[in-house]
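First residue of the sequence shown: -13, per this note's numbering; consecutive thereafter. We put the beta carbon where it would ideally sit given N, CA and C, even for glycine. These numbers were taken from a predicted model, which means no experiment stands behind them.
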Amino acid sequence: MSKTPAPEDFPMAFDTPAPRAMPDVACERGPEVSGRLERVGMQRIEALLRLPLADGSLRELPARIDAFVDLSVSEARGIHMSRLYRQIDAALATQPFTPALLHALLQGFLRSHEGLSSRAMLQVNLDLPLRRAALVSSHSGLRHYPLALAGSLERGGALRLELGVAITYASTCPCSAALARQLIAERFAQDFPAHAPLDHAAIRAWLGSEQGMVATPHSQRSRADLRLRLAADVLHWPIESLIDRAEAALGTPVQTAVRREDEQAFARLNAANLMFCEDAARRLQHALDTAPDIADFWLRVAHFESLHPHDAVAVACKRVPGGYGADDQSLALT
(Lines of atoms letter the chains of each structure in order from A and count residues from 1; the text may use other names and numbers.)
(Lines give C-alpha, C1' and ligand atoms only; values in the text may rest on other atoms or scores of the structure.)
Protein backbone atom coordinates (compact mmCIF):
# COMPACT_ATOMS: atom_id res chain seq x y z
CA MET A 1 0.00 0.00 0.00
CA SER A 2 1.38 3.37 -0.92
CA LYS A 3 1.95 5.84 1.88
CA THR A 4 0.72 9.41 1.99
CA PRO A 5 3.52 11.71 0.78
CA ALA A 6 5.16 13.70 3.54
CA PRO A 7 6.95 17.05 3.21
CA GLU A 8 10.34 15.40 3.43
CA ASP A 9 9.54 13.46 0.28
CA PHE A 10 9.55 16.76 -1.64
CA PRO A 11 12.41 18.74 -0.15
CA MET A 12 12.61 21.18 -3.06
CA ALA A 13 8.91 21.96 -2.78
CA PHE A 14 8.89 22.64 0.95
CA ASP A 15 12.35 23.98 1.75
CA THR A 16 12.52 27.77 2.05
CA PRO A 17 15.82 28.97 0.65
CA ALA A 18 17.79 31.57 2.53
CA PRO A 19 17.65 35.07 1.07
CA ARG A 20 20.38 35.60 -1.44
CA ALA A 21 21.28 37.96 -4.25
CA MET A 22 19.75 36.87 -7.55
CA PRO A 23 20.81 37.97 -11.03
CA ASP A 24 18.68 40.58 -12.79
CA VAL A 25 19.79 40.29 -16.39
CA ALA A 26 17.29 42.86 -17.66
CA CYS A 27 18.88 45.56 -15.46
CA GLU A 28 22.48 44.40 -15.42
CA ARG A 29 23.00 44.27 -19.16
CA GLY A 30 22.06 46.61 -21.95
CA PRO A 31 20.36 45.53 -25.18
CA GLU A 32 22.30 43.91 -27.97
CA VAL A 33 20.87 46.56 -30.30
CA SER A 34 19.56 49.84 -28.92
CA GLY A 35 16.23 51.33 -29.92
CA ARG A 36 12.92 52.61 -28.59
CA LEU A 37 9.94 50.26 -28.49
CA GLU A 38 6.32 51.37 -28.83
CA ARG A 39 4.79 48.61 -26.72
CA VAL A 40 6.20 46.06 -24.32
CA GLY A 41 4.09 44.00 -21.96
CA MET A 42 1.72 41.05 -21.80
CA GLN A 43 -1.31 39.87 -23.77
CA ARG A 44 -4.20 37.68 -22.67
CA ILE A 45 -3.54 37.78 -18.93
CA GLU A 46 -6.17 35.54 -17.34
CA ALA A 47 -8.26 37.48 -14.86
CA LEU A 48 -11.57 37.61 -13.04
CA LEU A 49 -13.10 41.06 -12.72
CA ARG A 50 -16.27 42.54 -11.30
CA LEU A 51 -18.05 44.69 -13.83
CA PRO A 52 -20.60 47.27 -12.59
CA LEU A 53 -23.88 47.20 -14.52
CA ALA A 54 -26.51 49.87 -15.01
CA ASP A 55 -28.80 48.44 -12.32
CA GLY A 56 -26.07 48.85 -9.69
CA SER A 57 -25.15 45.16 -9.56
CA LEU A 58 -21.67 43.72 -10.02
CA ARG A 59 -21.15 40.90 -12.52
CA GLU A 60 -18.11 38.70 -11.90
CA LEU A 61 -16.72 37.70 -15.29
CA PRO A 62 -13.64 35.95 -16.67
CA ALA A 63 -11.54 38.23 -18.83
CA ARG A 64 -8.33 38.50 -20.83
CA ILE A 65 -6.19 41.57 -20.22
CA ASP A 66 -3.49 43.17 -22.36
CA ALA A 67 -1.11 45.45 -20.44
CA PHE A 68 1.66 47.50 -22.02
CA VAL A 69 4.02 50.39 -21.55
CA ASP A 70 6.37 51.82 -24.10
CA LEU A 71 10.14 51.55 -23.66
CA SER A 72 11.31 55.05 -24.41
CA VAL A 73 14.92 54.56 -23.22
CA SER A 74 16.90 53.13 -26.11
CA GLU A 75 19.65 51.71 -23.90
CA ALA A 76 17.32 49.91 -21.45
CA ARG A 77 17.02 46.21 -22.15
CA GLY A 78 13.50 45.65 -20.86
CA ILE A 79 10.61 46.68 -18.62
CA HIS A 80 9.39 45.20 -15.31
CA MET A 81 6.53 43.02 -16.54
CA SER A 82 5.84 41.50 -13.12
CA ARG A 83 5.05 44.97 -11.80
CA LEU A 84 2.25 45.33 -14.33
CA TYR A 85 0.83 41.93 -13.45
CA ARG A 86 0.94 42.47 -9.69
CA GLN A 87 -0.84 45.81 -9.95
CA ILE A 88 -3.64 44.29 -12.04
CA ASP A 89 -4.02 41.29 -9.75
CA ALA A 90 -4.13 43.39 -6.58
CA ALA A 91 -6.57 45.94 -8.01
CA LEU A 92 -9.07 43.43 -9.39
CA ALA A 93 -9.06 41.45 -6.13
CA THR A 94 -10.48 44.38 -4.18
CA GLN A 95 -12.24 46.78 -6.56
CA PRO A 96 -14.82 46.73 -9.36
CA PHE A 97 -13.53 47.51 -12.83
CA THR A 98 -14.63 51.10 -13.39
CA PRO A 99 -13.14 53.81 -15.62
CA ALA A 100 -11.58 55.25 -12.46
CA LEU A 101 -9.85 51.96 -11.65
CA LEU A 102 -8.53 51.71 -15.20
CA HIS A 103 -7.14 55.23 -14.88
CA ALA A 104 -5.49 54.36 -11.57
CA LEU A 105 -3.88 51.25 -13.08
CA LEU A 106 -2.41 53.23 -15.96
CA GLN A 107 -1.01 55.80 -13.53
CA GLY A 108 0.50 52.94 -11.52
CA PHE A 109 2.09 51.45 -14.64
CA LEU A 110 3.85 54.75 -15.31
CA ARG A 111 4.92 55.27 -11.69
CA SER A 112 6.43 51.79 -11.59
CA HIS A 113 8.35 52.55 -14.81
CA GLU A 114 9.62 55.99 -13.97
CA GLY A 115 12.56 56.77 -16.23
CA LEU A 116 11.68 53.97 -18.66
CA SER A 117 8.23 54.63 -20.05
CA SER A 118 6.12 57.59 -21.10
CA ARG A 119 2.92 55.83 -22.14
CA ALA A 120 0.75 53.07 -20.65
CA MET A 121 -2.04 51.02 -22.23
CA LEU A 122 -4.51 48.44 -20.95
CA GLN A 123 -7.31 46.53 -22.67
CA VAL A 124 -9.82 44.09 -21.18
CA ASN A 125 -11.64 41.60 -23.41
CA LEU A 126 -14.63 39.70 -22.11
CA ASP A 127 -18.12 38.49 -22.98
CA LEU A 128 -21.04 40.15 -21.19
CA PRO A 129 -24.12 37.89 -20.89
CA LEU A 130 -27.39 39.81 -20.96
CA ARG A 131 -30.84 38.26 -20.73
CA ARG A 132 -32.99 39.24 -23.70
CA ALA A 133 -36.76 38.77 -23.91
CA ALA A 134 -38.46 37.02 -26.83
CA LEU A 135 -40.45 39.16 -29.24
CA VAL A 136 -43.89 37.81 -28.38
CA SER A 137 -43.80 34.86 -25.98
CA SER A 138 -42.83 34.99 -22.32
CA HIS A 139 -39.51 33.26 -22.96
CA SER A 140 -36.05 34.79 -22.67
CA GLY A 141 -32.45 33.73 -23.11
CA LEU A 142 -28.86 34.87 -22.71
CA ARG A 143 -26.96 36.77 -25.38
CA HIS A 144 -23.21 37.06 -24.94
CA TYR A 145 -21.83 40.36 -26.22
CA PRO A 146 -18.08 40.56 -26.95
CA LEU A 147 -16.68 43.63 -25.18
CA ALA A 148 -13.41 45.52 -25.09
CA LEU A 149 -12.73 48.11 -22.39
CA ALA A 150 -9.51 50.01 -23.01
CA GLY A 151 -7.50 52.98 -21.89
CA SER A 152 -4.20 54.69 -22.59
CA LEU A 153 -2.33 57.42 -20.77
CA GLU A 154 0.60 59.61 -21.73
CA ARG A 155 2.80 60.75 -18.87
CA GLY A 156 1.47 64.17 -17.94
CA GLY A 157 -1.39 63.83 -20.42
CA ALA A 158 -5.12 63.13 -20.40
CA LEU A 159 -6.76 59.73 -20.12
CA ARG A 160 -8.07 58.17 -23.33
CA LEU A 161 -10.98 55.79 -22.69
CA GLU A 162 -12.42 53.43 -25.30
CA LEU A 163 -15.22 50.89 -25.43
CA GLY A 164 -15.74 48.27 -28.10
CA VAL A 165 -18.72 45.98 -28.61
CA ALA A 166 -19.98 43.61 -31.30
CA ILE A 167 -23.68 43.47 -32.19
CA THR A 168 -25.08 40.54 -34.19
CA TYR A 169 -28.23 41.13 -36.22
CA ALA A 170 -30.15 39.91 -39.26
CA SER A 171 -30.19 41.79 -42.56
CA THR A 172 -32.55 41.18 -45.47
CA CYS A 173 -31.49 42.45 -48.90
CA PRO A 174 -33.84 45.09 -50.42
CA CYS A 175 -32.83 44.14 -53.97
CA SER A 176 -33.50 40.46 -53.36
CA ALA A 177 -36.88 41.31 -51.78
CA ALA A 178 -37.92 43.34 -54.84
CA LEU A 179 -36.91 40.53 -57.20
CA ALA A 180 -38.82 38.00 -55.08
CA ARG A 181 -41.93 40.21 -55.13
CA GLN A 182 -41.68 40.43 -58.92
CA LEU A 183 -41.65 36.64 -59.28
CA ILE A 184 -44.59 36.27 -56.90
CA ALA A 185 -46.56 38.86 -58.87
CA GLU A 186 -45.78 37.06 -62.13
CA ARG A 187 -46.88 33.70 -60.71
CA PHE A 188 -50.06 35.30 -59.40
CA ALA A 189 -50.83 36.60 -62.88
CA GLN A 190 -50.34 33.08 -64.28
CA ASP A 191 -52.46 31.36 -61.64
CA PHE A 192 -55.19 34.02 -61.61
CA PRO A 193 -55.64 35.31 -65.17
CA ALA A 194 -57.02 38.80 -65.58
CA HIS A 195 -60.16 37.59 -67.41
CA ALA A 196 -61.09 35.07 -64.68
CA PRO A 197 -63.13 36.09 -61.64
CA LEU A 198 -61.18 36.34 -58.39
CA ASP A 199 -62.15 34.10 -55.53
CA HIS A 200 -61.18 35.39 -52.07
CA ALA A 201 -60.86 31.92 -50.52
CA ALA A 202 -58.77 30.64 -53.44
CA ILE A 203 -56.42 33.63 -53.26
CA ARG A 204 -56.03 33.24 -49.51
CA ALA A 205 -55.22 29.55 -49.91
CA TRP A 206 -52.75 30.37 -52.72
CA LEU A 207 -50.95 32.96 -50.58
CA GLY A 208 -50.52 30.41 -47.80
CA SER A 209 -49.17 27.71 -50.10
CA GLU A 210 -45.69 26.93 -51.40
CA GLN A 211 -47.03 27.68 -54.87
CA GLY A 212 -47.64 31.28 -53.83
CA MET A 213 -44.20 31.63 -52.26
CA VAL A 214 -42.18 31.07 -55.42
CA ALA A 215 -39.24 33.17 -54.21
CA THR A 216 -37.89 34.49 -50.94
CA PRO A 217 -35.40 37.32 -50.39
CA HIS A 218 -32.02 36.36 -49.02
CA SER A 219 -31.13 37.43 -45.52
CA GLN A 220 -28.13 36.67 -43.38
CA ARG A 221 -26.60 36.98 -39.98
CA SER A 222 -24.65 40.23 -39.80
CA ARG A 223 -22.31 41.92 -37.36
CA ALA A 224 -21.52 45.46 -36.34
CA ASP A 225 -18.23 46.21 -34.59
CA LEU A 226 -18.30 49.49 -32.71
CA ARG A 227 -15.29 51.35 -31.36
CA LEU A 228 -16.13 54.33 -29.17
CA ARG A 229 -14.01 56.96 -27.53
CA LEU A 230 -15.66 57.97 -24.27
CA ALA A 231 -15.52 61.28 -22.46
CA ALA A 232 -12.50 61.22 -20.12
CA ASP A 233 -14.63 62.07 -17.07
CA VAL A 234 -17.22 59.30 -17.58
CA LEU A 235 -17.97 57.51 -14.29
CA HIS A 236 -19.54 54.32 -15.62
CA TRP A 237 -19.15 52.16 -18.71
CA PRO A 238 -22.27 52.90 -20.83
CA ILE A 239 -22.41 49.30 -22.05
CA GLU A 240 -26.07 48.34 -21.78
CA SER A 241 -27.42 51.67 -23.00
CA LEU A 242 -25.07 51.51 -25.98
CA ILE A 243 -26.14 47.96 -26.88
CA ASP A 244 -29.81 48.90 -26.59
CA ARG A 245 -29.28 52.00 -28.75
CA ALA A 246 -27.43 50.04 -31.45
CA GLU A 247 -29.94 47.19 -31.53
CA ALA A 248 -32.87 49.64 -31.73
CA ALA A 249 -31.19 51.38 -34.68
CA LEU A 250 -30.61 48.11 -36.53
CA GLY A 251 -34.10 46.82 -35.80
CA THR A 252 -33.52 43.08 -36.15
CA PRO A 253 -31.02 41.87 -33.53
CA VAL A 254 -30.65 38.10 -33.32
CA GLN A 255 -32.94 36.31 -30.88
CA THR A 256 -32.40 33.76 -28.12
CA ALA A 257 -35.26 31.47 -27.01
CA VAL A 258 -38.08 31.50 -29.58
CA ARG A 259 -41.42 29.81 -30.09
CA ARG A 260 -43.22 29.80 -33.42
CA GLU A 261 -44.97 33.07 -32.65
CA ASP A 262 -41.57 34.67 -31.96
CA GLU A 263 -40.11 33.32 -35.20
CA GLN A 264 -43.11 34.63 -37.12
CA ALA A 265 -42.71 38.05 -35.51
CA PHE A 266 -39.03 38.01 -36.47
CA ALA A 267 -39.92 37.19 -40.07
CA ARG A 268 -42.37 40.12 -40.07
CA LEU A 269 -39.68 42.42 -38.66
CA ASN A 270 -37.20 41.41 -41.33
CA ALA A 271 -39.72 42.04 -44.11
CA ALA A 272 -40.33 45.52 -42.72
CA ASN A 273 -36.63 46.17 -42.12
CA LEU A 274 -34.88 45.67 -45.46
CA MET A 275 -31.34 47.05 -45.50
CA PHE A 276 -28.08 47.06 -47.38
CA CYS A 277 -24.85 47.26 -45.39
CA GLU A 278 -24.79 50.99 -46.24
CA ASP A 279 -28.20 51.41 -44.59
CA ALA A 280 -27.03 49.61 -41.43
CA ALA A 281 -23.88 51.72 -41.19
CA ARG A 282 -25.80 54.97 -41.57
CA ARG A 283 -28.39 53.95 -38.99
CA LEU A 284 -25.65 53.27 -36.45
CA GLN A 285 -23.83 56.45 -37.44
CA HIS A 286 -26.96 58.50 -36.70
CA ALA A 287 -27.63 56.68 -33.43
CA LEU A 288 -24.07 57.19 -32.14
CA ASP A 289 -23.95 60.83 -33.23
CA THR A 290 -26.61 61.59 -30.64
CA ALA A 291 -25.41 59.25 -27.88
CA PRO A 292 -24.23 60.92 -24.65
CA ASP A 293 -20.66 60.44 -23.33
CA ILE A 294 -19.35 59.40 -26.78
CA ALA A 295 -16.68 61.79 -28.03
CA ASP A 296 -15.82 59.83 -31.19
CA PHE A 297 -16.70 56.55 -32.89
CA TRP A 298 -15.62 54.15 -35.59
CA LEU A 299 -17.88 51.38 -36.82
CA ARG A 300 -17.83 48.54 -39.31
CA VAL A 301 -20.79 46.45 -40.43
CA ALA A 302 -20.38 43.15 -42.25
CA HIS A 303 -23.24 41.28 -43.91
CA PHE A 304 -22.18 37.64 -44.25
CA GLU A 305 -23.89 37.14 -47.59
CA SER A 306 -25.92 34.02 -48.29
CA LEU A 307 -25.86 34.93 -52.01
CA HIS A 308 -22.08 35.36 -52.29
CA PRO A 309 -19.04 33.68 -50.74
CA HIS A 310 -17.79 37.13 -49.72
CA ASP A 311 -19.08 39.71 -47.22
CA ALA A 312 -20.63 43.10 -47.84
CA VAL A 313 -18.90 45.69 -45.62
CA ALA A 314 -19.36 49.36 -44.77
CA VAL A 315 -17.28 51.58 -42.44
CA ALA A 316 -18.22 54.92 -40.90
CA CYS A 317 -16.81 57.29 -38.29
CA LYS A 318 -17.80 60.53 -36.58
CA ARG A 319 -15.22 62.61 -38.47
CA VAL A 320 -13.86 64.39 -35.42
CA PRO A 321 -10.71 66.42 -36.23
CA GLY A 322 -7.77 64.28 -35.14
CA GLY A 323 -10.14 61.41 -34.31
CA TYR A 324 -10.82 58.01 -35.83
CA GLY A 325 -10.39 57.58 -39.56
CA ALA A 326 -11.58 55.03 -42.09
CA ASP A 327 -8.34 53.06 -41.78
CA ASP A 328 -8.68 52.52 -38.03
CA GLN A 329 -9.69 49.10 -36.78
CA SER A 330 -11.88 47.69 -34.04
CA LEU A 331 -10.58 46.83 -30.58
CA ALA A 332 -9.83 43.20 -31.56
CA LEU A 333 -13.24 41.92 -30.46
CA THR A 334 -13.54 38.15 -30.41
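Rounded to whole angstroms, the separation of the alpha carbons of ASP41 and ALA163 is 41 angstroms. Taking the C-beta atoms as reference points, ALA288 is found nearer than 8 angstroms to ASP297. For ASP56 against LEU91, the beta-carbon gap comes to about 16 angstroms, at or over 8 angstroms, which does not count as contact. Among the bridge pairs identified by DSSP, ASP52 is matched with GLN109. Taking a cut-off of 8 angstroms for Cβ pairs, the region 131 to 143 and the region 100 to 113 touch, as three or more such pairs fall below it. Contact annotation: ALA62 and GLY27 have beta-carbon atoms that are not nearer than 8 angstroms. Rounded to whole angstroms, the gap between the alpha carbons of MET261 and VAL122 is 23 angstroms. Non-local beta-carbon contacts of ARG286 in its own chain, meaning distances under 6 angstroms to residues more than five positions away in sequence, involve ASP211, VAL301 in chain order. Note: ALA210 is bridge-paired with ILE153, VAL287 in the DSSP secondary-structure output. Around the beta-carbon of THR80, fewer than 16 other beta-carbon atoms lie within 10 Å, marking it exposed.
Bounds of the alpha helix (DSSP H) holding GLY94 are 85 to 97. DSSP places THR80 within a helical segment (H, G or I) once states are collapsed to three. For the 8 angstroms CB-CB criterion, PRO85 and LEU44 do not form a contact. DSSP, read as helix, strand or coil, puts SER68 in helix. Taking a 10 Å sphere around the C-beta of GLU148, we find 16 or more other C-beta atoms and assign the residue as buried. Counting along the chain, GLU24 sits inside the beta strand (DSSP E) bounded by residues 23 to 38.
ASP265 has its alpha-carbon roughly 38 angstroms from the corresponding atom of ALA33.
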